[in-house]
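Asks: Chains as they are written, first to last, in our numbering: chain C, 1 to 80; chain A, 81 to 160; chain F, 161 to 382; chain X, 383 to 1115. Backbone N, C-alpha and C define an ideal beta-carbon position, used for all residues, glycine too. The structure displayed is predicted, hence computed values, not measured ones.
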Ligand SMILES: Nc1ncnc2c1ncn2[C@@H]1O[C@H](COP(=O)(O)OP(=O)(O)O)[C@@H](O)[C@H]1O
Ligand SMILES: [Mg+2]
C-alpha cells in the first residue's frame, strides 16, 4: 500500500522558509497571500496490506526518524 | 480560503533525500518500506473567495516560484 | 586525556578535530566509525562537523539512529564528556542528549564567517580556561544553526547557567533564540555548539580562540 | 529495430558528411545505439573537433609537469613526493536551465575528474558570468548557482576558496559556470585511464543509472534558442552525499594496488568512459548492460549508454581483485558491479538482453573523430581611445566604481561557501589568490582564476595574454611561484568565422603568454556555442592558475597592516583607459583597445615582488587590474581598515588615467618606511619602473592630493552594499 506522511512545524515554531516564501509571493504581486508555512511530504510504498498495522508502523517511523517532535508534528495518510 | 500545494520531484528524477530516508528506515528495521520520495508541502492562506480565481493564482505562484518545473511537479488542494 | 572522534560517512571536520586534538594533547585521538557499537576507553568523545548522512531529511536525524550513537549515549550517561560541534550539535539535539532543535538559518543561507561570541559560563569542563564574559572570535559554517527551544526550556537553560556561548549582540548569524551558540546538558558533561573551535587553534588560520576549549578539557580530564 | 532516418541523424547533431563517415568506418549502417554513441563521442563537447587542431599549439611541458592534457586532470610535482592535480570545467548550459542542480553537478563532476586520478580534493574555485543585473533572470540564476556550488562543495567538505563573478548583458541568455578543483596526491600514486591488457574485469562503481540528462553532451554543444528554454531537457540532480562516499571509497581502493585504470563517468557517461579507457589502453571493451545497476525499470541500451547519472565511476581491476574492491564499496554502501571485460579486439561491444547492441572499433570514436579546421577571421584589434571627460570628480568616480556590480565585494557569494573546512585555508576569498596549506607541511598552494572578457572582445590575442598575465600576477602577489594553468575556453558558435577567429586568437595568446612565463597548460575544457538567437557571449577564456609557496608563514595579503608604511607602485603607468572599468562605469562607454601586455616585464616584476615576500621583507601586496590604481588602493584600505594618502608626483599623466587606467604588470606594495629606500634602490638597479606614491595613515580615509578624500566607511558602504541589496529583491524561477 502507499502512504503519505506530512511533517510540518508545530504551531508557535517560527518558520523562516514559510515566511520567506510569503514575502517573495508578495514581492511578485500576489497580494492575497496571508500566512505561509512550509513542510515536508514523504511518499512511501509499504509491503503491508493490513491498514492498522501499516498505520502503527508509520507512526513508529515518524516518532523515530521522520519527524523531530520537538518542533514538528506529523499526519499519516494511507492510500490503498 | 486555505490552500495546500504539494511540490514533488517528477518521475525519473533522482531523489537523493528519498533514497537516504528509505535506507535509514531499512536500517531501523522497517523492512516493509519500498520506494520513498520526499517533497514539499506549502500551506497558504488566501484572501480570495472565488475558487477558480484562487486556483489560477496558485497555479501562477507554482510556475513562478513554488515549484521548479524543470524537475518538479505540483498539485493544488483547496479547503474552504 | 584520551579522546575519540566519531566518523559518520559524510563527516568532514573529523580531520580538523583530529588535527586540533593531536596538536593540543600530543596524542592521536581514536577515529571511531559510525557502524561501531562500542567506544574505546576514552575521556572525551567529539562529534565533528559535516553532513553525517548527507543531512538529508534533517541535519543529524539519521546519525542519531546510528549504532555508535548508542555507545555515545551510554558514555554520556556515565558522565563521560561529549562535545558536538556544528553537525555534532545537531546530532546531540536529535539524540535528545541536549534540548531544543537546530533549524534552517533565518535568512535561509549557508553562512561561513568568523563570529564574535561571549563566553557565558566558565563552570564546566569545556570552558574553565576562558573567563566569564570573555569575547572570542570563532568561525561558523552551517546552513541550519538556528537554535530553537520553547520558552520554558530557554528559561531553564539560562536559569541553570547552561548557555555556554552566545553570539555577541548584533552578530547572530542564524537567528538563534536568545543568541544561543552553545549549550550544556543538565549534568554539564555534554556540550553542543555551532561555531568551530577546532578551526581556530592556529594563528595562521585566523586565530587561537578555540584553544582554551580543548585546554579546559585537557586540564579537567587528564 | 529503429530505422535510421536523415531526421534522426540530424536530431543527433550529426551532419550528413559525418554520417557518411560513420558508415564508412563501420562498413555498414550504424544501429540506433551506435548512432547515439557516435553522436555523443563526436559532439563538440567530447571530441573538441573545432578546437583540437589549435589546442595542439599550447605549451604543455615543463620539468615539473607530471601529466599534461589528455587525462582527466593535469598533474604537477610540488616537491617532497607530493603532487598537485587540478582541472577546470564548465557546466554552462545545465546551469542556465536549472541553476542549482546545474552548478552543483558541475562541482561534483570536476571533483570526480580530480579524485579519479588519486587526489584528495583540497580546494574549489569557480568563475561565474551572469547577464546584466537588470535582466529578469539574473537574480534567480545568481541565487541558484551560488547555492548549488555551496550545496555540493560544502557537503563534500572541500573548501571553496575563491573565484570570479562578472555581469554583462552578453551573458543574458548564456551564463558561464566554470568550476575548478585542486587536489593533492602522492607523485608515485597517480591513477590514469588507460585500460591496458585483455581479460581484466571492468567494474561499475557508485550510484545507479537512471535516465538523467540523456543527451546532455550533445545539448552542451548546441546553440540555444528561445524554444529550448521551454523544452527544458532533463537535467541531472546531484547527490553530494553519495559523491562523498565515492571519494572516500575510491581513495581507499587506491591505497591497494588493485586498479589498472579508473575514470569518472562525466559527459556521455558509460559511453565516453569506456571508449576513452579502451582507447588510451589500446584495448577493447565488452560491456554487459544487464549487469549495470539501474534505478529505473525497462531502461534500454541506448538510455544506459547515454545516461549522465552522476556520482559514478568505471574502473578496470587486476583479475581476481574484484572481491577486495567490492568489500570496500559495500562498506561505503555504494553499488558495485562487474559489467564487462577488456579484450584485445580494440572494439567497443555492448550487449543487452542477449543481443549485441553495438560493436564498433574504438578508434572510430577517438582518432577517427572529426577534426575540423574551421575557417576563421581574426578580428582587427580595437585601438585605444585616449579621450575622457575631464570634468568628472576623481573621488566620486572611486565610490561609483567600488560599488559597481563587477567591483563590489563578493562577500555575499563566498560566505555561502565553507571556505575554511579542512583547516588549511591560510588565505581566504577576497585577496589576489587563495592559499591552502599542504596538510602537515609549511608549503602552500596559491590558486587564482582570471580573465577579463571585455579585453578579449576588443582583442582576443592580447586579452588572452592578459588573462594569463593576470593569473601570474595574482599568484606572485601572494608570494607563490606560478607553476601551471588549466583553461576553460568559453565562446560562441565556432561555425562563424569571426567567433572561430576569437578562439584562435585566444589560444594563440594563451600559448604565447604561457611560454614566456614558463607557465604550461596542463588541462582545460572548451565550451562553445554559447549563443542565444545568434548573439554570442564575450569571448571568455578563463585561466585557472596554481602556484607553490615555500613557506606559508611568508605570504602577502592585500590588507594594509600598519600606519606609516610607504606605498610603492611597481610598473609603468601610461594611463590606458581603453576597455577600462572606469570608462564603462563612469562614462558609460565600452570602447577602446585592450591594454597591451609585455610578458618580459610581467615576468620580471613578478619575480621581483615574489622575492621580497619570500625574503620576509614585504607582507602587503595587491596587483593592479580592474579599476586601476585607485581601486587597488581602496581595496587595500578596506581590507585593512587603514587610510592612505597618495599623490601623482613625477608623472605627466593626468589624474584620471593615472588613477583609473588599467596598465598591466603593476603591483602596489605597502612597505615599512625604513625598508622603502632600500627597495627603491634595488628596483632602480633592476631597471624596474616604479614610484613612491604616498603612505598609509591613521585617518580612515582614502585621500588623493589636490583631488580630495572619501572615508573608508563610505567606500565600505558602497562596496559591501551592492550585492546584498541587489539580491534582496524578489525573484522567480
Ligand atoms: N582548452 C583546453 N586546453 C587544454 N587542454 C584541454 C582543453 N580542453 C580540453 N583539454 C583536455 O582534453 C581532455 C579531455 O577533456 P574533457 O573531455 O573535458 O575531459 P573530462 O571528460 O574528463 O572532463 C582533458 O585532458 C583536457 O585537459
Ligand atoms: Mg573525466
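Which value, in whole angstroms, describes the spacing of the CA atoms of residue 760 (chain X) and residue 85 (chain A)?
Replies: Going by the C-alpha atoms only, they are around 55 Å apart.
Asks: Given a threshold of 16 other Cβ atoms within 10 Å of its Cβ, counted over all protein chains shown, does residue 707 (chain X) qualify as buried or as exposed?
Replies: With 16 or more other Cβ atoms within 10 Å, it is buried.
Asks: Is any beta-carbon of chain F found at less than 8 Å from that of residue 820 (chain X)?
Replies: So no, residue 820 (chain X) is outside the interface.
Asks: List, in order along the chain, the chain C residues whose C-beta lies closer than 7 Å to that of residue 120 (chain A)?
Replies: Residues of chain C passing the Cβ test: 38, 40, 41.
Asks: Applying a beta-carbon distance threshold of less than 7 Å, which residues of chain A neighbour residue 59 (chain C)?
Replies: Ordered by position in chain A, no residue passes the 7 Å Cβ test against residue 59 (chain C), which lies about 12 Å from the chain.
Asks: To the nearest angstrom, report how far apart residue 388 (chain X) and residue 398 (chain X) are at their CA atoms.
Replies: Those two C-alpha atoms are separated by around 8 Å.
Asks: Between the C-alpha atoms of residue 970 (chain X) and residue 838 (chain X), what's the straight-line distance to the nearest angstrom?
Replies: About 19 Å.
Asks: With a threshold of 8 Å between beta-carbons, can residue 217 (chain F) be considered close to chain A, or not?
Replies: With 8 Å as the cut-off, residue 217 (chain F) counts as an interface residue toward chain A.
Asks: Taking 8 Å as the CB-CB limit, is residue 85 (chain A) close to chain X?
Replies: No, because no Cβ of chain X sits closer than 8 Å to the Cβ of residue 85 (chain A).
Asks: Leaving out the 5 sequence neighbours to the left and right, which residues in its chain are closer than 6 Å to residue 371 (chain F) when beta-carbon positions are compared?
Replies: These residues qualify, in order along the chain: 361.
Asks: Roughly how many whole angstroms lie between the Cα atoms of residue 375 (chain F) and residue 186 (chain F)?
Replies: Cα-Cα distance, rounded: 12 Å.
Asks: In this structure, how does DSSP classify residue 608 (chain X) when only helix, strand and coil are distinguished?
Replies: Since pLDDT at residue 608 (chain X) reaches only 49, below the 50 mark, its modelled position is unreliable, and the value read off the structure follows with that caveat. It is helical.
Asks: Taking Cβ positions, are residue 635 (chain X) and residue 710 (chain X) nearer each other than 8 Å?
Replies: In this structure, residue 710 (chain X) lies closer than 8 Å to residue 635 (chain X) by Cβ.
Asks: Anything in chain X within Cβ reach of residue 100 (chain A), meaning under 7 Å, just list it in chain order.
Replies: Those are 623, listed as they occur along chain X.
Asks: Report yes if the C-beta distance between residue 436 (chain X) and residue 885 (chain X) is below 8 Å; otherwise report no.
Replies: Taking 8 Å as the Cβ cut-off, residue 436 (chain X) and residue 885 (chain X) qualify as a contacting pair.
Asks: If you draw a straight line from the alpha carbon of residue 312 (chain F) to that of residue 564 (chain X), how long is it in whole angstroms?
Replies: So the alpha carbons of these two residues sit roughly 49 Å apart.
Asks: Give the interface partners of residue 592 (chain X) over in chain A, defined as CB-CB distance under 9 Å, in chain order.
Replies: Those within 9 Å of residue 592 (chain X) in chain A are 92, 93, 94.
Asks: Under 9 Å between beta-carbons, which chain F residues line up against residue 104 (chain A)? List them in chain order, please.
Replies: Residues of chain F passing the Cβ test: 213, 216, 217, 221, 222, 225.
Asks: Three-state secondary structure (DSSP) at residue 971 (chain X)?
Replies: Note: residue 971 (chain X) maps to coil in three-state DSSP.
Asks: Runs of 3 residues minimum, wholly inside the stretch 271-301 of chain F: which ones carry the beta strand (DSSP E) assignment?
Replies: The stretch 271-301 of chain F contains these whole beta strand (DSSP E) runs: 271-279.
Asks: For the alpha helix (DSSP H) containing residue 686 (chain X), list its first residue and its last residue.
Replies: Note, residue 686 (chain X): alpha helix (DSSP H), 683-688.
Asks: What does a CB cutoff of less than 6 Å around residue 611 (chain X) pick up in its chain, not counting 5 residues either side in sequence?
Replies: Per-residue confidence for residue 611 (chain X) stands at a pLDDT of 40, beneath the threshold of 50, marking its modelled position as unreliable; no derived number is given.
Asks: Can you give the Cα-Cα distance for residue 296 (chain F) and residue 15 (chain C), rounded to whole angstroms?
Replies: Answer to the nearest angstrom: the Cα atoms are 30 Å apart.
Asks: Do residue 643 (chain X) and residue 675 (chain X) come within 8 Å of each other at the CB atom, strictly closer than that value?
Replies: Taking 8 Å as the Cβ cut-off, residue 675 (chain X) and residue 643 (chain X) do not qualify as a contacting pair.
Asks: Spatial neighbours of residue 88 (chain A) within its chain, please: CB distance less than 7 Å, with the 5 preceding and 5 following residues excluded, ordered by chain position.
Replies: Answer for residue 88 (chain A): 117, 119, 152, 153, listed in chain order.
Asks: Taking beta-carbon pairs under 9 Å, can you tell me which members of the stretch 254-276 of chain F lie near chain C?
Replies: Against chain C - using a Cβ distance shorter than 9 Å - the residues of the stretch 254-276 of chain F are 254, 256, 259, 260, 261, 263, 264, 265, 266, 267, 268.
Asks: Residue 536 (chain X) touches chain F at which residues, Cβ-Cβ below 7 Å?
Replies: Ordered by position in chain F, the residues that pass the 7 Å Cβ test against residue 536 (chain X) are 270.
Asks: Quick one, which of F:166, F:188, F:350, F:170 has its alpha-carbon nearest residue 196 (chain F)'s?
Replies: The residue with the shortest Cα to Cα distance from residue 196 (chain F) is F:166.
Asks: Output the distance between the C-alpha atoms of residue 174 (chain F) and residue 800 (chain X), rounded to the nearest integer angstrom.
Replies: Roughly 15 Å between the two C-alpha positions.
Asks: Per the DSSP calculation, residue 153 (chain A) is bridged to which residue(s)?
Replies: In the DSSP output, where bridge partners are listed per residue, residue 153 (chain A) has A:88.
Asks: Which bits of chain A does residue 474 (chain X) rub up against, with CB to CB less than 9 Å?
Replies: None at all; the shortest Cβ gap to chain A is about 16 Å.
Asks: Considering only DSSP beta bridges, list what residue 668 (chain X) is partnered with.
Replies: Looking at the DSSP assignment, residue 668 (chain X) forms a beta bridge with X:723, X:731.
Asks: The beta strand (DSSP E) spanning residue 959 (chain X) covers which residue range?
Replies: Neither: residue 959 (chain X) is in no beta strand (DSSP E) and is coded neither H nor E.
Asks: Which residue's Cα is closest to the Cα of residue 92 (chain A): X:590, X:517, X:537, X:415?
Replies: Out of X:590, X:517, X:537, X:415, X:590 has the C-alpha closest to the C-alpha of residue 92 (chain A).
Asks: Spell out whether any CB of chain X is found under 8 Å from the CB atom of residue 145 (chain A).
Replies: Taking Cβ atoms only, chain X reaches closer than 8 Å to residue 145 (chain A), which makes this a yes.
Asks: Taking all protein chains shown into account, do 16 or more other C-beta atoms lie within 10 angstroms of the C-beta of residue 765 (chain X), making it buried, or fewer, making it exposed?
Replies: The residue in question, residue 765 (chain X), is exposed, as its Cβ has fewer than 16 Cβ neighbours within 10 Å.
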